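Since the structure comes first, as structure tokens, the remarks are kept for the end.
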Amino acid sequence: MTGSGGAVSSVDRDASQVGIDVLARGGNAADAAVATAAALGVTEPYSAGIGGGGFLVYYDARSRHVSTIDGRETAPESFTSTSFVDETTGAAYPFATAVNSGLSVGVPGTPALWDKALRDYGTWSLNEALKPAEKLAAQGFVVDQTFADQTTANATRFKTFPETARVFLRDGGAPAVGSVFTNPDMAKAYRTLRTQGVAALYAGSLGQAVVAEASAPHTDGTSVLPGQIRMDDLRAYRALTKDPIHSRYKGYDVYGMPVPSSGGIAVAEILNLMAAYEQRTGVSTGDVDQVQYLHRFSEASATAFADRNRYVGDVSNVPVQELTSTGFAGERSCLFDPTHALTRPIAPGVPDRSYVSTCPTALVSSQPSEGQSTTHLTATDRWGNVASYTLTIEQTGGSGITVPGYGFLLNNELTDFNFTPTQGSAPDPNLPGSGKRPRSSMSPTIILDDGKPFLAVGSPGGATIITSVSQTILGYLDRDLSLVDAVAAARLSSRNGAEGAEPTILDGPTGAGLRALGHNLVSAGTPNEIGAVTAIRSLADGQFEAAAETTRRGGGSAMVVDPR
Ligand code: GLU
């Protein structure tokens, strides 16, 4: 969809429309991003909402500056490195036990992020920005297949929590496709935040309801591990302004999310590696065939995951400059072999500022061959501001715990910590800790061309977010795809183990070619797709091209204020 006046792209039609209405009424990209996110909390309640957290990357047209807000959920003060270890057995709790529990609930960051985004960049009050979402919750939305499927998939665990079953199930299962789903309790939650401000959550009655429900044993269902968040943890919460991760790729400036997300660092390393492979082989990413392209992409993303797993977490000593440097990528690119996949797991590199300038082994000449859960939204306005915003409650359906009387699910984001050390004798940067934020993969990205907005992109999908965002950028910049085609292109997610591949790759000649190079491809899972990208490209003359998924998650929704 191309046009002027501003653009919004999200996974959902009602939510995109809310953002477009905000823009049409004079709001800017920050106002539209908050209003759209709040609407997604209604129509995508299992993926996002005020019980969760997220990350916003923002380009401010007036200052021509990119900044970010970290609204990540946070562990309570009482947390330690062994909070997910069962004292009686000495082993980590089973993942499913931790997911369906109060223990996994972090202090929600989304309301604080909205408040801060509006104050720092917006022109609307929270009171105004949440009105459309409150109305949508009260009047309802039409149930689509995706919402029905997500409800069915969660029905068993939702029944463990009577309040969740009452709010989200109809006759014990999913509401019928085509029926209208209202959530008057969530309308009340939005009304409370709108009229009382976010203090209702961080210091008031809404917060007390959150703390009480997260710490309840829920013994009327299966007893669950109780949460540890307290009012003091809520009071201490802040959404934080942070400098973005900045790297250069093919002359563009790429801006992404810093720690505690690993997204910005990993996307930068992947792009740097792709550029380094071009140098090493003498053949550009655009000139190799699909198998060789995805081979390179897979090696780059597996390498970046090895490094992020070893070095990135909410700790003070992350070697950010080094991991995102071209020198480090140059040294890491020496591992690359166009004829064979590296054995997984790839070991982490050594980001010590001393890098080889020439790889010890030359390449045999390689000729060019012939040739879920979580949600992302992107918003731009007529003044040129750009918002790239990913928000989540972690798992689809979060912790499964709904705050009584307020109709929203609490996150299970603390399960993004590693439950036990994963790095052998080296320290693990992503163990749980007091007041710590779990490492994320969320990768809201803004790319500038000569200082001007060029492309904004992001996706849900847990750790696959990093690969979906990178693959979309590469598809558009290097593979000569239109933006819509770059978003729709079949995805591969290589994260230093088996590689998830969508059916078009897995079952076709590309999959066969990759397997012949030694790649271990596996199905993308259920549903058999990876990510749900949204993107907006800024064109000349105040025009925009908004792009969303054509089929994944039932198709997304890309809109502009004035279609051309
Ligand atoms: N919790 C994940 C992260 O922060 C996002 C969850 C998802 O996209 O499914 O990386």
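For the sequence shown, the numbering used here begins at 195 and goes up steadily by one. All residues carry an ideal CB built from backbone N, CA and C; glycine is no exception. Fair warning: this is a prediction, and the values are worked out from it, not measured in the lab.
Between which two residues does the beta strand (DSSP E) holding residue i run?
i: R731; result: T728 to S732
i: V299; result: Taken as a continuous stretch (DSSP letters only), V299 belongs to no beta strand (DSSP E), as it is neither H nor E.
i: I640; result: T639 to D643
i: I439; result: I439 to Y443
i: Y252; result: G247 to D254
i: Q737; result: Q737 to A742
i: T584; result: V580 to T586
Return yes when the Cβ of residue j is within less than 8 angstroms of the Cβ of residue i, no when it is not.
i: T497; j: R490; result: no
i: L297; j: L434; result: no
i: T584; j: G248; result: yes
i: A581; j: T569; result: no
i: S210; j: V202; result: yes
i: Y253; j: P647; result: yes
i: L307; j: I244; result: no
i: F613; j: F278; result: yes
i: L677; j: E739; result: yes
i: P454; j: G507; result: yes
i: T574; j: A229; result: no
i: D756; j: G220; result: no
i: G316; j: T586; result: no
i: T304; j: P626; result: no
i: T354; j: V754; result: no
Kindly indicate the opening and closing residues of the alpha helix (DSSP H) around residue i.
i: F352; result: Q339 to F352
i: Y396; result: A393 to Y396
i: A494; result: Q484 to Y505
i: G521; result: T520 to R526
i: A710; result: P703 to A710
i: G457; result: G457 to T475
i: D365; result: Looking at the DSSP string, D365 is not in any alpha helix (DSSP H), and its letter there is neither H nor E.
i: P326; result: K325 to Q333
i: S664; result: T658 to L671
i: T698; result: P697 to L700
i: D264; result: Unbroken run through D264 is the beta strand (DSSP E), H259 to G265; no alpha helix (DSSP H).
Is residue i buried or exposed, if buried means 16 or more other CB atoms sit within 10 Å of its CB?
i: W577; result: exposed
i: D546; result: exposed
i: E328; result: buried
i: M380; result: buried
i: G372; result: exposed
i: F352; result: buried
i: D427; result: buried
i: E525; result: buried
i: G661; result: Per the sequence shown, residue 661 should be read as Thr rather than Gly. So T661 ends up on the buried side.
i: T350; result: exposed
i: E281; result: exposed
i: S548; result: exposed
i: K630; result: buried
i: F289; result: exposed
i: T666; result: buried
i: A383; result: buried
i: Y733; result: Per the sequence presented here, residue 733 reads as Leu, with Tyr not at that position. Exposed, by the Cβ-count rule.
i: V374; result: exposed
i: Q486; result: buried
i: A231; result: buried
Might you give, ordered along the chain, the residues of its own chain that have their beta carbon closer than 7 angstroms to the beta carbon of residue i, omitting 5 neighbours on each side?
i: A657; result: S635 and R689
i: D610; result: E588, P632, R633 and S634
i: P408; result: Rather than Pro, the amino acid found at residue 408 in this sequence is Ala. Hits under 7 angstroms: G296, V299, G421, I423, I595 and L604.
i: P562; result: Model confidence at P562 stands at a pLDDT of 44, short of 50, so the residue's coordinates are unreliable and nothing is read from them.
i: A462; result: I439, S441, V448, G450 and T518
i: T386; result: A394 and L400
i: R258; result: G645
i: R502; result: S456, I459 and A460
Excluding the 5 residues flanking residue i on each side, which residues of the same chain have their C-beta closer than 8 angstroms to its C-beta?
i: E696; result: A684, R685, L686, A718, N722, E723 and I724
i: C528; result: R474, V550, C553, P554 and T555
i: S492; result: A535, L686, S688, E693, L708 and H713
i: E564; result: Per-residue confidence for E564 stands at a pLDDT of 41, beneath the threshold of 50, marking its modelled position as unreliable; no derived number is given.
i: G391; result: D309 and L320
i: T376; result: A331, A332, Q333 and G334
i: D674; result: G480
Which residues in the same chain have their Cβ closer than 6 angstroms to the Cβ of residue i, if we skip the five residues on either side of it in sequence?
i: R746; result: E723 and A726
i: V293; result: Q589, N606 and T609
i: L649; result: I641 and R731
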